[in-house]
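First residue of the sequence shown: 0, per numbering that gives the first Met the number 0; consecutive thereafter. The C-beta atom is built at its ideal place from N, Cα and C for all residues, glycine as well.
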Amino acid sequence: MHPRPNFTVVLRGFDRTEVDALLDKVSRGELNLAGGTVFDFTVVLRGYDREQVNAYLGRLAALDAADGP
């Protein structure tokens, strides 16, 4: 399980509900990010900072790839 960061909420960012749902799946082991899957989050008012979310998902993907299948 990976600790969930506190993303900054910005004027136009990724939908918080969508990001939280994805991270819930990852934390339950239902989704492995090692395959380089691209996620298309909706951009909304008062969403999570897009750069922070993308950077975090990139780090999770690298960790999942290092852990193997």
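(message) With distance defined between alpha-carbon atoms, name the residue in N31, V37, V9, Q51 nearest to A65.
(response) N31
(message) According to DSSP, simplified to helix, strand and coil, what is G57?
(response) helix
(request) Classify R49 as helix, strand or coil using the three-state DSSP reduction. (result) helix
(request) Figure out for me which residue from E50, D63, A54, L62 has the closest Cα to the Cα of G12. (result) E50
(request) Give me whichever residues DSSP pairs with L44 in a beta bridge. (result) R11
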